[in-house]
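Read through the structure below, which is laid out as structure tokens, and then see the notes.
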Amino acid sequence: MEPNHEHQAEMQRRHQELRVRAEKRRSITSAIVSEHTPSETRRLVQELQTHQIELEMQYEELLLAQEESERMRQQYTDLYDFAPVGYCTLSARGTIQQLNLCASTLLGYERATLRGHAFPLCVSPAERPKFYEFLQRMLHQEATQHTELQVQRPDGRTLYVRIQGSRLLNEDQEPLFRLALFDDTERHNAIQQVSASEARFRKLFEKSRDAVCLVKGSTYIDCNEAAVRLLGAEHKNQIVGQPIGLLTPEYQPNGQRSAELQQNILTQLQWQGSYRGAWLRHRFSGEPIWLEVVLTRIELDGEPLIHVVWRDETQRKKAEQDLAASEARFRTLFERSNDGMLLLQSGRYIDCNEAALRLIGATSREQIVGQVASAFTPEVQPNGRRTAEWFAENVARAMQEGSLRCEAQMFKPTDEEIWIEAVLTPVRIPEQEPIIHVVWRDVTERRRNEQRLQEGEQRLKTAVRAANMGIGTWDFATERFHLDERGCQMFGWPLPSADLTLAELMQPVHPDDVERATAELLKAAEIGSLDVQVRVVHPSGEVRYVVATGQVIRNLHGTPERMSGVLRDITERYLANLRLRESEERLQLALKASHAGLCHLELATGVLHLDEQANRIYGRPADAGPTTWEDLSQRVHPDDLARVNAAKQHSTETQEPFSEEHRVVWPDGALRYVETSGNVQLDGQGRQVRLIGLLRDVTTRRETQQQLNFKNRLLEHILHNMPVVLTRITADGELLEVAGAGLRRLGVADNVLNGRNVYEAYPKLTNSVNKLLSGNEVRFLGMPPRREGQEQIYFQNYGFFDREQNAGVLFAIDVTDTQQANVQLKAERDFVKSLLDHSGDAIMVFDRNFYITEWNQRAAELTQIPAEDVLGKRIFSDIPAFDRLEFRRIAERVLAGTTVTEYNIPFKRRHGAYDATFVPLADAEDRVANVLGVVRDVTERNRLMEEATRLRLQREKEVLSAIMHTQEDERKRIAEALHNGVGQLLYASKLHLDSTPVDETHRTAAIGLLNEAIKATRTISFELTPNVLEDFGLKSALEELCKRIPKHNLHVHLSVGELPPAMPRLVETAAYRIAQELLNNVIKHAHAREAFVYVELQGNKLHLSVEDDGCGFDVEKAREKRGGIGLSGIRNRVGLLGGELTIRSRQGLGTTITVELPLGEEVKKRKNSKP
């Protein structure tokens, strides 16, 4: 408690004023006495003596009242200073005039510092308008006002404070504001944490890729967007509220009813807690889908729910069905194929179809199945190869290449010769010998046709040879090309014939034609015909042009076998066409190069012919046909038509060339400029035949000229209206032009310096001018000489050397204001840097990319890392000490816009505790660009808070002890008064009634009433102060209390464990009073038949529990109820003793109330010291 020196000084001042007035009165009295007679004087003396005695008595009463007032004021001061609630008084302007210790601790300042301090400065800047609005409400309304604000402490912490305030008037009738402050930070943070937890669950639920639903009972109560998409719904309301069997068919594919299977699954889920299986249902569109369903039983707020996850298994189910169908199709194809099909494994046939039996002429499968692969074949094939070896090689090649086609000679059982085409396809089965799928086709007839075809080809070759053409053949099976003698000559080979690969065939082909020729060959194999022209380079270097045409020849089954064709040398014809084409191209190139169009007017017929470019110039389609001048002249601008006609007429009359320019209006309204030149063409007799003209679109040239004129005007306006200067300098340094509005600030007119030498006019720019005139670009800041009485002028200059004009060009713009602003900005940055370096807090700043931009001296001291080692580096990747997961998460939260404060952070290299606050700093676009970190040493603050907390707890305990002792003393006094006063009077009334002659009936009734009154008085006296508690302890007092409760009202069972011999009186009395109040509540409200009271010692705590089998009650409503002194009084008593109160109650199931009271260290020591 602080001594009130001001109050003592005020009292001394008043005593001095009272003494002065008394001295004045004494002097007046002396003067009056001298004017009266002795008798009057004696009378006055007697009256004065009497008055003096009265004054002394009043003074003694005043002293007693003053001592009582001082004691009450001191008690109020103690209660005010050490109250667990912050109190403060503000002036009308918001200045703090008075506050208690809790308020100063809450705001984070010393109390002496806060007196006279503006309270809004303690409020977060964003919350200050809200606080001023709160002051206005208190100023204009009588009722108590409430608000919640963010308080910014000097250590960087932000607290959420609930404030109650009201208005009062001081002695001068000026308004004051009395505020009560409550720390609401924990509740606010808890609300935020709960909201964040709910948001995380909701995000996990909504963003899950799997379809997720919640089921209550047998109804969907929620689902995510994935579930909506999976079922093809438009919104979740189509699912939520629907039964769990929504969109389920009546029967599942296994034949079981869906409803019965669903009930079985729910039963299994009830016993096992989870279920996983497949389920068929439909989308809202009716499309069936297979789902993998995962069910999990969960509880939310004590309510059972089912968490359902769906995954689409339709594709997998469909793949399984397709595989089974594929196997069935293969077996059907195998059995019903018209081609002979066989399966070969380990060199023997293991299966065959009916077509294979018919093809080979067998009557049963046993004739083929089990036979070796070379069965029904001659020992040697017509090509001279042994059949068994040749077939084994083909099987090996098929295994390597994946498939193989071959032809073999075979014999039916009737010895009839047949030719079989066999297609071998290996089928690899894991962990088994590979199976060869063999397809047989009868190609006997095709082989005979091929023989006849070869004979026909021989005759064809004879005819082609007579026509000087070459013949070529491409065998698709061997992929080789055959050329006859004439074909070899065309390709520069002096050979009678050649059998070539594709690479060998393309060797003499011109390199630029190889790729195209190869592509045409491959394309011809697909489409069935070939027509390609290539260049062939002979060994002598001569280039010949060869055309190849051909046709694909197919076998009886329609399979391409080869391509046959002819080769023709067209070199002479090609060169003649090439020369003609080149002549035409040169003319077109000349016209295109000049972007000109050609036209000629037939003077006899009036028909006008225009080429493609001429049509485009006049806005006509490029392929438009001939027209007349009358039609075309409609597109000439009306203002130019007369001039064009005059030029045309003058040329035809004088036969002189014409040249003019006119405007053409296109159909879409576009305006084009056309330049025309031409002449009249004469025939052999000198007569005019046609007028030939050359047209050029000069629109771009005209627009360029217009743009150039515009830029010249723009430059002129800039020079005359903006603070710029244009300077042109010759190569020898002569100033050609110096102009611009920027000269006005220097007091110089335009072009006054023309003709002067640049080195004389601008001596300070010698180096820059030399660099400019040497052909380089220059950029520099220039400072002309300062005029007397004027500020320094700055010009930002840019210059380049124009080689076409052989002159340097220099632009200068007045940047005086910008330069001055930069100087001021630098000064401000230096000032801020000084503030940061002298701050007692460690301050650091890093940007969005985690590069450190600020690091003051205090930060270097705390981390023992100098500023030069961290500035410009990334805080996490370049400084290992900060590369921690929790630091990265804090940075991500702050960059997302959240202010983060961490409390009581230790430093490995520094002793003490530190608070760190990280604040997002926004840029001009209100985006987080930087993060400000402030670290403050709070070691001393924590020590003071712990000391204040200890003192507060000690004071509360003392106050509680005084209150409870006072209550018990008052109860004892009332009990003694009832026993000695009311009880004695009732007993005397009974004795008087016994001795007074009264009717016996009335005496009996009156004595019965008196006995009841005496019994009730003794019961009240016992309940107010049970002497048995003081004399015999808690156990005996509780036993006596239970005995006094009538059995017909409530049957009480008491169980008391071993208690220490001497418990603190405060705890013992509190336990008794709590048990007494709880039993009274059971009798009044519970309507119970039985109650159980348990008392035992658990560790260093006294455990008291009262249970009943009554009707129970709503615990939350009981907490909110403000009236009565039952549970509320018990809760307050337990809280003051530092104990815990637990209430468990359900409607119709009774109530259990448990209390735990700490006993203190002395009882614990005595308990532990017992043998």
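The sequence shown maps to residues 1 to 1171 in UniProt numbering. Cβ atoms here follow ideal geometry from the backbone N, Cα and C, with glycine treated the same way. Computed from a prediction, not measured in an experiment: that's the story for all the values here.
- By the C-beta criterion, the stretch 421-441 is judged not to be in contact with the stretch 319-330, since fewer than 3 inter-stretch pairs fall below 8 angstroms.
- In the DSSP assignment, D531 forms a beta bridge with T549.
- Look at the beta carbons and you see the stretch 192-205 not touching the stretch 111-122: under three pairs across the two are nearer than 8 angstroms.
- Cα atoms of A1118 and N1132: separation of roughly 14 angstroms, rounded to the nearest angstrom.
- Separation of the CB atoms of T377 and M410 is rounded to 5 angstroms, and the pair is thereby assigned contact status at 8 angstroms.
- When the Cα atoms are used, E940 and L106 turn out to be separated by approximately 15 angstroms.
- By the criterion of a C-beta distance shorter than 7 angstroms, L1127 is surrounded in its chain by A1118, once the five residues flanking it on both sides are discounted.
- For the stretch 812-857, the full-length beta strand (DSSP E) segments reaching 3 residues or more read 842-847 and 852-855 along the chain.
- A Cβ-Cβ distance of about 7 angstroms is found for the pair V724 and A741, placing them in contact under the 8 angstroms criterion.
- The beta-bridge partner set that DSSP reports for P175 consists of L169.
- Distances from the CA of W440 to each of L694, H1048 and E407 were compared; the closest alpha carbon is that of E407.
- Per DSSP, the unbroken beta strand (DSSP E) holding D351 starts and ends at R348 to C352.
- Straight-line spacing of the CA atoms in R1073 and L1066 works out to 11 angstroms.
- Contact between E854 and M844 holds, since their C-beta atoms are separated by about 6 angstroms, short of 8 angstroms.
- Per DSSP, reduced to three states, the secondary structure at E602 is strand.
- Listed in chain order, the non-local C-beta contacts of L269 below 6 angstroms within the same chain comprise Y275, L295 and R297, local neighbours out to five positions each way being set aside.
- Less than 7 angstroms separates the beta-carbon of C88 from that of A103.
- Using a C-beta cut-off of 8 angstroms, the stretch 144-151 makes no contact with the stretch 922-933, since fewer than three inter-stretch Cβ pairs fall below that distance.
- DSSP places D923 outside both helix and strand once states are collapsed to three, so it counts as coil.
- T473 is a Cβ neighbour of S564, given a cutoff of 7 angstroms.
- Within the stretch 449-506, the runs of alpha helix (DSSP H) that reach at least 4 residues and sit entirely inside it are, in chain order, 485-490 and 502-505.
- Between E542 and the set P560, Q533 and M490, the nearest pair of CA atoms involves M490.
- Non-local C-beta neighbours of D841 in its own chain, meaning closer than 7 angstroms and more than five positions away in sequence, comprise R858, V934, V935 and R936, ordered along the chain.
- Counting along the chain, V1056 sits inside the beta strand (DSSP E) bounded by residues H1051 to V1056.
- In this structure, DSSP gives N721 a helical state, which the three-state scheme calls helix.
- Per the Cβ contact rule, the stretch 643-658 is not in contact with the stretch 699-708 (fewer than 3 Cβ pairs under 8 angstroms).
- The alpha carbon of P1046 has as its nearest neighbour, out of N1080, V1056, L1029 and E1068, the alpha carbon of N1080.
- Taking 7 angstroms as the cut-off, the Cβ atoms of A731 and L682 do not count as close.
- According to DSSP, E407 shares a beta bridge with E421.
- The residues G370, Q371, V372 and A373, in chain order, have a CB closer than 8 angstroms to that of R348 in the same chain once the five nearest residues on each side in sequence are set aside.
- A direct Cα-Cα distance of roughly 46 angstroms separates K207 from G165.
- The criterion of a C-beta distance shorter than 7 angstroms is satisfied by D81 and L101.
- Per DSSP, reduced to three states, the secondary structure at N679 is strand.
- Residue pairing by DSSP places K216 opposite T219 in a beta bridge.
- Here the stretch 596-605 makes contact with the stretch 613-629; the two share three or more CB pairs at distances below 8 angstroms.
- If you check the CB distance, S1145 and T1154 do not come in under 7 angstroms.
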